[in-house]
Each structure stands twice: as C-alpha cells, then as structure tokens.
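Number of protein chains: 4
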Amino acid sequence: MSGSTFGELFRVTNFGESHGVAIGCVIDGCPPGLALSEADIQIELDRRRPGTSRHVTQRNEPDAVEILSGVYEGLTTGTPIALLIRNTDQRSKDYGNILDTFRPGHADYTYWRKYGLRDPRGGGRSSARLTAPMVAAGAVARKWLKEHRGTTFVGWMSQLGDIAIPFVDEAQIPLNPFFAPNADVVPALEARMDELRKAGDSCGARIEVIARGMPVGLGQPLFDKLDADIAYAMMGVNAVKGVEIGAGFASVAQHGSEHGDELTPAGFVGNNAGGVLGGISTGQDLRVSIAIKPTSSIRTPRRSIDRTGQPTVVETFGRHDPCVGIRATPIVEAMLALVVMDHVLAHRAQCGDVALDMPPIAASAPRD
Amino acid sequence: MSGSTFGELFRVTNFGESHGVAIGCVIDGCPPGLALSEADIQIELDRRRPGTSRHVTQRNEPDAVEILSGVYEGLTTGTPIALLIRNTDQRSKDYGNILDTFRPGHADYTYWRKYGLRDPRGGGRSSARLTAPMVAAGAVARKWLKEHRGTTFVGWMSQLGDIAIPFVDEAQIPLNPFFAPNADVVPALEARMDELRKAGDSCGARIEVIARGMPVGLGQPLFDKLDADIAYAMMGVNAVKGVEIGAGFASVAQHGSEHGDELTPAGFVGNNAGGVLGGISTGQDLRVSIAIKPTSSIRTPRRSIDRTGQPTVVETFGRHDPCVGIRATPIVEAMLALVVMDHVLAHRAQCGDVALDMPPIAASAPRD
Amino acid sequence: MSGSTFGELFRVTNFGESHGVAIGCVIDGCPPGLALSEADIQIELDRRRPGTSRHVTQRNEPDAVEILSGVYEGLTTGTPIALLIRNTDQRSKDYGNILDTFRPGHADYTYWRKYGLRDPRGGGRSSARLTAPMVAAGAVARKWLKEHRGTTFVGWMSQLGDIAIPFVDEAQIPLNPFFAPNADVVPALEARMDELRKAGDSCGARIEVIARGMPVGLGQPLFDKLDADIAYAMMGVNAVKGVEIGAGFASVAQHGSEHGDELTPAGFVGNNAGGVLGGISTGQDLRVSIAIKPTSSIRTPRRSIDRTGQPTVVETFGRHDPCVGIRATPIVEAMLALVVMDHVLAHRAQCGDVALDMPPIAASAPRD
Amino acid sequence: MSGSTFGELFRVTNFGESHGVAIGCVIDGCPPGLALSEADIQIELDRRRPGTSRHVTQRNEPDAVEILSGVYEGLTTGTPIALLIRNTDQRSKDYGNILDTFRPGHADYTYWRKYGLRDPRGGGRSSARLTAPMVAAGAVARKWLKEHRGTTFVGWMSQLGDIAIPFVDEAQIPLNPFFAPNADVVPALEARMDELRKAGDSCGARIEVIARGMPVGLGQPLFDKLDADIAYAMMGVNAVKGVEIGAGFASVAQHGSEHGDELTPAGFVGNNAGGVLGGISTGQDLRVSIAIKPTSSIRTPRRSIDRTGQPTVVETFGRHDPCVGIRATPIVEAMLALVVMDHVLAHRAQCGDVALDMPPIAASAPRD
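As structure tokens, this is what we get:
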C-alpha cells in the first residue's frame with residue numbers, strides 16, 4: 002500500500018516527477034554476483050525513449066541512467082541498486098494553463114482531491130515518464146532471468162485505435178516505431194497517427210506480451226497468484242483499463258471441453274490458460290493482453306471545471322504522445338519480468354532451489 | 002507474497018482446504034467500535050452458499066460462521082477477528098480418481114509441480130470454496146463502509162456462455178439464482194445450464210460489479226493504484242481470466258475526445274473512467290467487469306497424463322458447478338469491498354480523516 | 002504494522018483473547034513436505050502450560066492444539082497451517098473489579114485509550130496467554146530447522162528477582178519448574194516465590210536463549226538485521242523491557258581489542274558478538290538475554306484512577322503468575338526459532354539454496 | 002525482510018555504500034502539505050557529520066543533501082521524497098589491506114559469507130555512514146511530529162567506556178562533541194579518547210533517548226508493539242548490542258509493587274514503563290537506552306584468517322571513529338522519530354484522527 006514500491010522480494014522503489022530534478026528507483030533484493038553495467042540498462046531505456054519518431058512526444062531526453070550503488074567491480078553485491086535518471090528537457094511553462102483546471106480523463110482532478118495540492122508540471126507523479134525507472138529495473142530482472150532461468154520476454158502492439166494488427170513476424174517488431182509484428186500494416190498506423198495529430202485527438206491501443214522459458218510452479222495459491230500479480234502490474238501502467246490472461250474475455254463463451262488445455266507426454270495442447278492454472282505457472286508461455294486508453298491530454302477543447310468549481314473549457318498544448326500505447330511495449334515487458342523475478346525468489350524461499358524430481362512433461366514443453 | 006493474506010491495513014488471512022477440517026480467516030486492522038454479530042456475516046455467506054439451486058454444486062453445507070475473537074459485547078475491539086467455518090459435507094471419495102492424474106484446465110498439475118505433493122480432496126486449497134472466508138471478511142468491510150462512508154456494492158451477471166444478459170432492473174438480481182438483472186432472460190439461462198449438465202460440459206460467465214457512494218481520493222499514485230488493486234483482487238478469484246475497469250477493452254478504439262469524461266459543476270459527464278483516474282478514485286461509481294472461464298471439472302473425457310508422465314484419459318465425477326460464475330457475484334462484491342476498505346484506511350493514514358475543504362463538485366455527483 | 006502477523010516469509014498470524022472462545026494462529030509459507038502432527042506441537046505447548054507448579058497461574062487448561070489445515074497425510078502441503086486452541090477454563094468474574102479501573106503497570110489503560118473500548122476478561126488480547134500460539138508456531142519452525150539445518154534452541158532462567166542463577170548444567174533445565182540450569186539454587190527460588198505469593202507481590206526475571214548449529218549469512222545488512230529482528234521478537238513477548246545480544250550492555254565498557262572476537266582456522270575465539278556481525282549470522286551460537294518485568298496484577302493495593310478520571314485503589318485478585326518469567330523460556334525459544342526460520346527462507350530467496358564454496362572456517366566452529 | 006526499507010506507512014528505503022557514488026533514501030507515505038526545504042534536513046545531518054572534532058573520523062564531507070522529488074513549491078506533495086547525498090571524500094586505498102582478511106568484530110566476514118563477494122571500500126554497506134540517510138529521513142518525521150503532534154526528541158550520552166556521565170543539564174548537550182548533558186565530565190571524556198587514539202584501541206558507549214509530547218495509544222497489541230519496533234530500530238543502528246525501555250534490565254530485580262507506575266488524576270507517578278504498557282504508548286515520555294560496542298576497526302594487531310582460511314594478523318589503518326557512540330545521538334533520535342511517525346500514521350489508519358473523548362488524565366501528564 003506504500004504506493005511506490007513494487008514487488009516483495011525483488012523490490013523496486015520508484016521516485017520522481019516528470020518535471021522535477023530527477024526520476025529513478027532503488028532495487029532491493031537482487032541476487033549477488035550478477036554482472037551489471039549501465040549499458041545493460043540503457044539498452045532497454047532507449048527502447049522506450051521519447052523523441053524517437055514523429056508519433057511520440059517530442060520531449061528530447063537521453064534518459065541516461067547512472068548506477069549509484071549496489072554494484073562493485075561490475076557485479077551486483079546483493080545490496081540496493083539505486084538508479085538515477087536526471088530530467089533534462091522540462092518545459093513546465095507548456096503546462097501553465099492546466100494549473101487551475103482539470104483535464105478530462107486525467108489524474109489532475111484526483112491528485113488535487115487526494116492531497117489538497119499537486120505538482121502540475123508535466124503531470125507530476127502521474128506522468129508516464131515514471132515508467133522509465135521500471136524499465137530500468139526490469140532490465141536487471143531480465144538479465145538475471147535470462148542467465149539463470151532462460152526466461153525471456155517479448156511484447157508487441159496488436160491493435161491501434163480500431164486498426165487490428167495481425168501477428169505475422171516477430172522479427173518485424175523492432176523495425177518500426179509501433180512495435181508492430183507486421184510490416185504491411187505500418188503505413189496505415191502512420192497515417193492514422195498523422196491524422197490524429199492533425200485533429201488534436203488521440204487513440205488507444207492493445208498490447209500483447211509473453212514470457213518464454215517459464216519455470217513451472219511460480220505463484221501462490223490464493224492471493225499473489227501469478228496472474229493476479231500480473232494484472233496488478235499491468236493495471237499499474239499508465240492508461241491501462243483492461244487485462245487478460247490467456248483466452249481472457251473469450252473464455253466466457255468457451256465450453257470447458259474447449260477451454261481446458263489437454264496434457265500429453267509432449268506437453269500441453271493449446272494455451273487458453275495463458276501459462277497459469279490456479280494462479281501457478283504451468284511452464285507454458287505466459288500470455289498477457291492489455292487495453293490502453295487514449296491519451297487525455299489533447300488539443301480538442303473539452304468541458305471542465307476550475308478549482309473553485311466554475312465551468313471552464315480545457316485545451317492541452319505541450320508535448321504529448323497521441324497514443325501512449327506506442328511506447329508501452331518495453332514497459333509491459335519490464336513489468337512482466339519484474340513479476341516473474343519476484344515469484345522466482347518467492348518460490349525458492351519456500352520450496353528451495355533444487356528442481357524437484359518430476360516426470361517427463363517438460364517445463365519447456367510445446368507452446369503455441 | 003505470502004499467498005494467503007489480502008490487504009495491507011484491513012488484512013485478511015485465509016486458511017483451509019475444501020475437504021479439510023475447516024476453512025476460515027483472520028481479519029486484522031478492523032476499526033474498533035463496529036457493531037458486529039455472526040448474523041451480519043451469515044447473510045452474505047448464504048448468498049454464495051452451495052446447494053441453493055439445481056444449477057450449482059449439490060454439496061450441502063450450512064457454511065455457518067463462528068466468530069472466535071475480536072468482538073466483545075457486540076462491538077469490534079480493534080484486535081483480530083477470527084472467523085471459522087467447519088466443513089461438514091466432504092465426500093472425498095468422489096475425487097479418488099483424480100489423485101494420480103491432472104484435470105485439463107485445473108490446478109491439479111501446477112500444485113503438484115510447485116510443492117511436490119498436493120491435497121487432492123475437492124481440489125484442496127485451489128477450490129472455489131476458499132472464497133467463502135473472503136465473503137465473510139467482505140461482510141465486515143461492507144458493514145463498516147456503509148455505516149461510515151455510505152459506500153455500497155452491487156454485482157450481477159451480464160453474460161452466461163454466449164448469452165448476453167442486458168441490464169434491465171437491479172431489483173431482479175436477488176430474485177433468480179443467476180444474479181441476473183433481467184427476469185426475461187432467466188428461462189434461457191436455465192435451459193442452457195440444463196443442457197450443459199446433461200452434456201457433461203461447462204461454460205464461462207461475465208460478472209459486473211460497482212461501488213456507489215465512493216470517497217474521492219482513494220488509491221496510490223504509482224503502485225497500489227485503486228484499479229491495480231482491484232485487478233489483483235478480481236484475478237485472485239478462482240477462474241477469472243480478464244478484468245476491465247470502466248470502458249475497459251472498448252477504450253482501445255475510443256478517441257481521447259470521446260473517452261475522457263468531462264467535468265461540470267454538477268459532476269462528471271459519463272464514466273468511461275470507471276471511477277478511477279491516475280489510480281485514484283474520482284467519486285464516480287467504481288465499475289468493474291470480469292471474465293470467468295468455464296469450470297475445468299467436467300464429465301467429458303479429456304486427454305491428460307498421470308504422475309509418471311504416461312498418457313491417460315480423465316473424466317471428472319463428483320459435485321461441481323457447471324458454471325462457477327453463477328455463485329461469483331457475492332464473491333466479487335466482497336473482494337471489491339475489501340479493496341475499498343483497505344484504501345480508506347490507507348488514505349486516512351497519510352492524509353487524515355477530516356475532509357479537505359474543496360469546491361462544490363460533489364463526490365456524489367451524477368453517475369451513469 | 003498489522004500488529005498480529007509475525008514474520009515475512011514464514012508468517013504467523015495470531016488471534017484470540019485470554020477469555021474468548023479460542024486462541025490460535027495461521028502459519029503461512031511453511032515449506033512443503035515436513036512431517037507434522039499435533040503431537041509435535043503439543044510437546045512444546047505443554048512446556049509453557051499453566052497450572053504445572055504452585056509457582057504459576059492455577060488456571061488449568063490442557064491447551065490442546067488442533068491442526069485445521071495445511072497438513073495432508075501427515076505432511077505439510079505448503080499452504081496455510083491453521084492451529085486452534087479452545088479456551089476452556091475462563092473465570093472472567095475474577096476480573097470483574099478491574100473493568101472500570103486500570104492496574105498500574107498493565108495494558109488496561111493503554112488499550113482503553115487506543116481503542117475507546119476493551120475486552121477486560123483476563124487481560125483480553127494483552128494476556129500472556131497469547132504467546133501459546135507462538136509456541137505452537139515455533140514448534141513447526143523448530144522441527145524444520147532441526148531436520149533441514151541442524152539448528153536447535155535452548156533457553157534458561159539466569160536470574161529471578163535479585164537471585165542470580167549461575168549456569169551449571171544444561172541437563173537440569175527441564176527438571177525444575179523454573180527452567181534453571183542449576184539444581185542447587187532451586188530451593189531458594191521456591192522460597193522466594195512462596196514469599197512473594199504470600200506478600201501479594203511479584204518479581205522480574207532474566208532469561209537467556211541460544212541457537213546452536215546456526216547457518217552463516219542469515220540477516221539483512223541495514224534493516225531486518227538478524228539481531229534487530231531478534232530484539233523485535235523478544236520485545237514483543239509480554240513484560241520484556243530489555244534485550245541484549247552477545248556481550249550486550251557489558252560491551253559499553255569493553256575495549257575494541259577485547260570485544261572483537263578473533264578468527265582462527267579453527268573458528269572464532271570467544272562470542273562477544275553473540276553470533277551476529279553487521280546484522281548477519283557468523284555461524285557462532287546466537288546468544289540472547291532478556292529482562293522481564295514483575296507481573297502487574299498483584300494483590301498489593303495501589304493507587305489508580307477510574308474511567309471517569311477519579312482516584313481509586315486497585316487490588317488484583319484472580320489467578321496470576323507472580324513471575325511471568327517462570328514460563329517464559331519455551332516462549333523465547335519459540336520466538337528465536339521463528340526469527341531464524343524467517344531468515345533462512347529470506348536468505349535462500351536472494352542467495353539460493355546451494356552452499357557457497359567457502360574456505361575451511363566452519364559454520365560449526367568452536368563456540369563458547 | 003527487504004533489508005533496506007524501514008517503516009510500513011512512513012517508509013524509508015535506504016541505498017548506498019560508504020565509498021560508492023552516493024548514499025540516500027526515498028521516503029514514501031509522508032503526509033502532503035508539510036513545509037520542507039533542504040535546510041530543514043541539513044541541520045540534522047550537520048549534527049552527525051564527520052570531521053567536527055578530533056574525536057571522530059577525520060573524513061571530511063559536507064554531507065550536503067539534495068531533495069530530488071516529492072516537494073513542490075516548498076510543500077510535500079504526498080509522493081516519494083528522494084534524498085541524495087553524494088560521497089566526496091572517499092579514500093578507498095586506506096582500506097586496501099582488508100580486502101582479503103576479516104577484521105575481528107566487523108561485518109567483513111559475514112558479508113563475504115552471505116553474498117560470496119563484498120564491496121570492501123570503507124566497509125561498503127556495513128559502514129555507519131549509511132545512518133546519514135536515516136538522520137535525513139528522521140528530520141522530515143521530526144518536523145511533521147513537532148508541528149502536528151507537539152512531539153520532540155532528545156538524546157544524550159550517559160556512559161563512555163567505563164566513565165558514567167551523570168545527567169546534569171540538558172542545555173549542555175549541544176555544547177560538547179559527546180552530546181554529554183554534563184560539562185564537568187567532558188575533560189575526562191576527552192582525555193579518554195586521546196588515550197584510546199594513542200593506544201590504537203576503541204571503546205563503547207551508552208546512549209539515552211526520550212520522546213516528549215507523546216500521543217497516547219500508539220503501538221499494536223501483539224507484534225509491532227511500540228517498544229518492539231523501537232528495539233528493532235535501535236538494534237538496526239550500527240554497533241548496538243543492547244536495548245532497554247524504561248527500567249530495562251533493572252526491572253528484573255524490582256517488585257511489582259515498585260515497578261508498576263501508579264496513576265493519579267494528575268498523571269502517572271514515575272516512569273518505569275518508559276512510556277509503553279502492553280506495547281502501546283501511555284502518553285508519558287518514551288525512555289530508551291542503548292549499548293554501543295567498541296569500534297572494530299582498530300590499529301591494535303589481532304588474529305584473523307584470510308579468504309583461503311589461512312591464519313593472519315589484521316591491523317586497521319584509515320580514518321575511524323574510536324567510539325562510534327560519539328556521533329550516535331542524532332542517529333538514535335532520528336530512529337525513534339521514524340518509529341513514532343510510522344505509528345502515528347498506523348494509529349490513524351485504524352482508529353481515525355479525531356481524539357477520543359476521554360477523562361482528564363492528560364497525555365501530557367507529569368513525567369519524570
């Protein structure tokens with residue numbers, strides 16, 4: 002309930018505001034002995050960096066990360082890893098006009114009501130900029146998981162506004178600014194974004210993310226189910242309004258004889274489960290899908306009130322992503338990695354490190 | 002990460018197995034001075050009780066709750082409230098045939114892989130029976146919230162398998178075993194359930210739940226967002242595969258100019274937000290929708306493996322709900338109440354109890 | 002801060018009041034596969050049971066424990082272990098006279114001020130009776146630690162009032178009702194207790210407790226230091242007013258050249274550290290000493306006030322231990338075991354299960 | 002169990018190493034609206050700063066704090082307050098000789114055994130330098146508590162090695178480098194320190210700390226007792242080996258008729274309780290006393306082993322406090338403030354903010 006710490010055993014404490022001095026995080030509980038440099042982290046931060054295409058905010062910041070502690074001679078020591086990212090391109094004046102009013106669909110109103118005051122510069126703490134430290138922390142988790150469990154994460158955009166993006170080729174994902182696994186649809190996406198930008202409006206997106214090489218047995222039976230922690234993590238990302246695991250909402254109309262993935266000695270047949278049964282990982286790929294709402298900071302004039310309760314009209318200028326989903330893929334990959342990392346540590350706390358002697362259905366059994 | 006404790010300040014620790022001696026919970030952190038009797042709790046337990054219609058498991062248990070501690074002369078004392086429900090109608094032999102195999106879509110396999118052993122009687126800890134203590138704990142939270150904040154909770158079924166249930170009349174909800182807000186559709190629901198039972202198959206459901214009279218300002222900015230905690234709570238309910246807040250997945254195709262709920266002196270216009278902006282409650286109704294997968298324990302024969310990894314075929318007999326969604330409504334109401342209660346306490350820890358002096362847009366402004 | 006849950010990974014949630022229906026606890030996070038029966042727990046409960054000599058409260062209860070969950074076919078399943086102890090010999094009328102007044106030195110006053118109401122029967126939640134569930138939980142931890150790490154716990158009384166009890170022979174501890182490691186001093190202890198009982202007064206005690214066969218490397222660097230968690234655990238036992246680790250307060254007057262335990266290939270020389278350096282276990286024996294204040298419920302008349310603030314005089318009748326230290330030994334052993342267990346799980350979460358390849362100074366090096 | 006986060010509701014996450022890039026902390030849960038500047042924090046940091054007399058380490062650092070987040074236009078916003086202190090006077094070569102050996106009485110050995118590697122520069126994470134961020138966080142808590150509850154904190158040295166320091170005059174405390182409440186004894190303290198420095202040895206100290214203006218009712222009944230949390234906090238300070246509340250170890254030899262503080266309409270008579278009964282604050286002054294062991298880094302040659310287990314001799318050069326107790330007073334004041342702050346927030350979470358209507362015995366009743 003602290004509001005700024007994520008995870009129980011691999012704990013990430015996030016701090017900062019969009020236009021403050023700096024943002025960053027402290028990672029506590031990282032296993033010792035992991036080779037870690039700033040470059041290992043920077044590579045992930047660069048994937049979500051603003052200013053990389055005309056479709057995202059033109060805020061231009063290197064988002065250079067500095068490791069302040071927890072690494073000695075290139076290895077993690079087991080003590081807290083503090084990561085610092087200085088803010089360098091704040092233009093708070095862009096936001097001056099929102100000081101006394103509340104953008105419809107934005108946290109302006111709720112922060113003000115909760116605390117009685119708020120930092121309005123760039124959205125303050127409610128800015129999506131605060132996902133950068135999570136991407137940085139996620140990079141540490143991803144490195145450990147890849148080296149010690151062979152677990153990897155990949156995400157992509159599957160829908161932009163009302164444009165579906167059929168999955169064609171994973172290799173395409175890093176080749177376009179939308180993280181679209183489909184080269185053919187990219188021109189349509191670009192056209193839509195240009196159109197929205199011109200109209201001063203915004204749209205939503207759907208993002209998919211999977212984990213491969215999952216250990217079996219992660220997750221707690223009742224609460225801290227693996228899928229519950231994933232839902233929590235994803236709904237904690239700015240603008241997310243829905244989360245599905247595996248078949249998700251489609252499972253409502255399925256029959257049990259269709260939904261339940263059969264088991265064979267060669268592995269599971271199908272993955273309606275999304276890699277989780279009873280809150281515990283099956284060894285199949287984790288499959289998660291999320292809905293991201295349209296950006297609330299738009300140029301279109303909208304009705305609102307001011308701090309005295311009087312009616313007013315709000316238009317938002319400044320630099321905004323017309324679809325925050327465009328940069329969301331590295332973020333959701335990072336969040337999923339943080340959840341899995343936390344559960345790997347929790348599992349070995351209770352059940353130990355040594356693999357149980359189990360029959361031949363492989364954790365790495367066929368996945369879809 | 003403990004797996005059995007829900008909440009930070011209004012903490013519920015759940016214990017028990019479906020066919021063990023007893024199930025129950027310990028509630029810690031309840032404010033002192035709340036008038037509380039077993040009858041206050043029993044009324045909610047009776048709403049989710051098995052054996053109440055032919056469409057749910059025929060297990061026949063009174064689910065009578067006993068308050069073991071924390072109440073003195075009819076008032077909560079501020080110390081832990083332990084609640085005990087004895088199991089009285091276990092027929093574990095019904096499950097004998099699943100001891101060495103794994104039901105497709107069920108937690109049998111993952112429990113066994115996680116712990117190296119499992120209690121197979123009635124699904125052990127993975128049984129939906131373990132939601133009963135949460136309903137009991139939720140009854141305590143609901144009573145306090147109603148008396149001290151005027152907050153109330155109501156849920157209903159909006160879809161059963163592929164049958165949509167249009168919302169017509171809230172007064173209908175308690176009048177049919179499906180919690181359907183629509184008397185006309187009930188015969189179709191009954192026919193579908195009879196058909197599935199005959200076929201030895203099962204189906205999923207969609208449940209809606211709202212909170213009315215919400216305090217403004219509940220939720221933490223980054224993690225422990227109100228909606229993130231709701232998603233966590235809902236995904237912790239057995240068989241849930243998807244969660245939406247407000248417009249949910251529909252927000253993907255919305256424009257920002259459509260999605261963002263405008264503010265007027267009379268309140269918000271619309272509720273795409275589902276009552277949460279930036280993770281913090283707006284005072285609008287909370288609106289949550291969840292997807293429940295079809296029951297995995299079905300009579301239809303399905304491929305599986307046994308504990309030695311050899312292929313086998315599984316059919317499940319015994320008493321099962323062919324749609325666990327039918328009894329889910331009181332459960333999701335309870336879980337939502339537990340989340341709100343926890344956030345009320347967290348909010349007054351940091352921000353105090355006294356309402357801030359704020360302008361006239363009412364917390365109880367017009368809601369859709 | 003929940004107030005009723007002890008531990009992070011081996012979590013014990015305690016409930017109940019002295020004269021309520023029942024007391025008990027829920028243990029969450031216990032490793033699966035531990036052979037566990039009620040007899041394993043009862044043996045420790047019997048060591049702290051009231052009514053076993055004329056020097057302790059004459060309340061006569063079997064304190065029979067019932068395992069409600071978490072054990073299947075004699076093995077822990079990894080899910081919560083709920084333990085229930087019914088109260089059977091409440092005589093609340095004995096306490097009637099303290100309903101409206103506050104015993105000096107007792108929690109009567111603070112409970113009333115904190116909550117605005119209190120359960121006065123037998124001290125309610127503030128009774129030392131609530132240590133029984135901790136002894137029960139400790140029995141589970143002790144069994145696992147002995148079997149999996151070879152760690153054992155033993156405590157004794159080293160002072161009763163102003164009578165020092167020189168350590169002579171560990172074998173004597175279970176042979177007298179004081180847990181005194183010295184047969185010769187027992188008659189003096191008995192005489193002192195008879196004298197106090199006659200005088201309607203009470204006295205304090207000092208208890209020592211050690212852990213043998215300690216793993217090296219338990220404890221966290223800054224907070225959750227092993228010794229900090231021990232101090233927290235011990236100060237959580239009723240009536241404890243002081244805690245020392247190793248040389249304790251004597252270290253104030255030591256020189257560094259005397260205090261710091263030298264290392265040799267055969268192990269540490271001396272144990273001023275008490276088995277902890279920098280918050281982390283050295284592998285030496287843990288050495289802890291605690292001060293227990295005299296019982297506040299005495300027959301001697303004392304000045305107090307009533308609930309309206311008027312002066313009054315209080316004398317306490319009913320059944321009380323004239324020295325709560327007499328039954329404290331099994332309690333502090335249990336608390337120490339719970340701390341060590343929690344840290345064993347925490348250590349393997351972060352650092353894994355496999356022993357590091359380290360040079361010959363043995364964890365089990367010579368201890369004093 | 003995370004090891005680097007202190008507190009549940011006013012949470013302080015500490016990071017850094019003695020000779021790393023920086024040290025600091027993140028405070029989460031601070032109430033909004035507190036006027037806060039770097040000067041408010043710096044004043045406390047300056048009280049524990051090294052290099053201020055010849056009796057403490059000659060490391061010369063300004064320990065200038067930078068507020069990175071959580072404050073807007075001079076007021077706390079309710080979001081995380083990140084505090085950064087750059088390290089500026091590291092001379093790690095001073096420590097080169099301890100890389101492969103273990104100082105007796107120091108955490109060198111345990112860190113290495115726990116993690117398999119360690120940052121040896123200046124003691125890395127085990128350095129007392131890591132108390133600086135806690136002093137900074139404590140300054141924030143102290144400011145809020147003073148303004149909102151009228152609670153203040155003061156500590157002093159009561160013993161240095163074997164020299165007792167009788168309490169004479171609180172006004173003397175800030176006037177000498179020992180925080181001694183007694184001008185007459187200062188020359189003896191100085192002589193002793195000069196002698197130890199010359200001898201290449203060190204000594205321990207005893208520190209007292211009290212809180213005045215305490216709210217009544219802080220603390221949880223069973224665990225998270227106020228005194229248990231104080232013991233935890235104090236034992237978490239480097240080199241602390243013992244903690245007493247109120248009469249502490251002296252209570253062992255007291256009778257109940259002497260120990261229990263009587264109540265009168267004018268308040269409590271005496272304070273053997275140290276301000277806590279049953280784990281809950283009485284409104285009397287909190288009274289805490291701690292034992293600090295002699296510094297382990299001394300020039301006197303001592304037996305040890307190297308990393309291969311071979312015998313060796315260790316002498317420590319570099320800059321060290323010959324008595325870490327000299328600078329401990331501001332630290333223990335800060336730790337006590339952090340505990341009280343956390344409990345104030347916990348109390349109002351459960352019991353609300355509004356004072357209960359209680360009879361005339363004042364929270365601020367006569368104190369000794």
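Chains as they are written, first to last, in the numbering used here: chain A, 2 to 369; chain W, 2 to 369; chain L, 2 to 369; chain B, 2 to 369. Every residue, glycine too, gets a C-beta built ideally from N, C-alpha and C.
Unbroken beta strand (DSSP E) stretches of 3 residues or longer found wholly inside the stretch 199-275 of chain W: 206-213, 241-246, 263-265, 268-270, given in chain order.
Within chain B, no residue has its CB atom less than 7 Å from the CB of L:E191, the nearest being about 18 Å off. L:Q285 is outside the set of residues whose beta carbon lies under 8 Å from a beta carbon in chain B.
Beta-bridge partners assigned by DSSP to A:W157: A:E209. W:D29 and L:D109 have their C-alpha atoms spaced approximately 20 Å apart. In terms of Cβ geometry, A:A292 and A:V341 do not form a close pair [threshold 8 Å]. Annotation for W:A83: the continuous beta strand (DSSP E) segment containing it runs 82-87.
The DSSP-derived three-state label of A:I174 is helix.
Secondary-structure assignment with DSSP links L:Y73 through a beta bridge to L:L76.
Excluding sequence positions up to five before and after W:E171, its CB lies within less than 8 Å of the CB of V155, W157, P182, all in the same chain and listed in chain order. By a beta-carbon distance limit of 8 Å, L:I86 does not contact L:P51. Their separation comes to about 12 Å. According to the DSSP secondary-structure assignment, W:I291 is paired through a beta bridge with W:I208, W:V244. If you draw a straight line from the Cα of A:V238 to the Cα of A:D286, it is about 22 Å long. The beta-bridge partner set that DSSP reports for L:A36 consists of L:L76.
Per DSSP, the unbroken beta strand (DSSP E) holding B:C26 starts and ends at 23-29. Less than 8 Å separates the beta-carbon of L:A36 from that of L:L76.
Within chain W, no C-beta atom comes less than 8 Å from the C-beta of L:S305; the nearest is roughly 22 Å away. A contact between stretches requires three or more CB pairs, one per stretch, nearer than 8 Å, and the stretch 242-253 of chain B fails this requirement with the stretch 176-192 of chain B.
In the DSSP assignment, W:R349 falls within the unbroken alpha helix (DSSP H) covering 329-352. The beta-carbon distance between B:I208 and B:S159, rounded to whole angstroms, is 7 Å. This is short enough to meet the 8 Å contact definition. For W:T111, the enclosing alpha helix (DSSP H) begins and ends at 109-116. The CB of L:T80 comes closer than 7 Å to the CB of P222 in chain A, given here in chain order.
DSSP lists A:I86 as the beta-bridge partner residues of A:V66. In the DSSP assignment, W:P312 falls within the beta strand (DSSP E) that extends over 312-315. With fewer than three CB-CB distances shorter than 8 Å, the stretch 260-271 of chain B does not count as touching the stretch 215-234 of chain B. L:R48 has its alpha-carbon roughly 15 Å from the corresponding atom of L:V141.
In this structure L:G25 is in contact with L:A83, their Cβ atoms being roughly 7 Å apart against a cut-off of 8 Å. A:R303 places its beta carbon less than 8 Å from that of A:V315. Ranked by Cα distance from L:P222, the first of L:E191, L:I281, L:A192, L:P178 is L:I281. Taking 8 Å as the threshold, the shortest C-beta distance from L:T301 to chain B falls below it. The beta carbons of L:P33 and W:L118 sit about 6 Å from each other, so the pair counts as a contact at 8 Å.
Just measuring C-alpha positions, the residue of A:H348, A:Y73, A:V66, A:D101 sitting nearest B:R126 is A:Y73.
At least one C-beta of chain W is nearer than 8 Å to the C-beta of A:M236. Check the Cα spacing between W:M235 and each of W:L46, W:P331, W:Q351: the tightest is with W:P331.
Annotation: B:I174 to B:A189 spans about 16 Å, alpha carbon to alpha carbon.
A Cβ of chain L is located within less than 8 Å of the beta carbon of B:E263.
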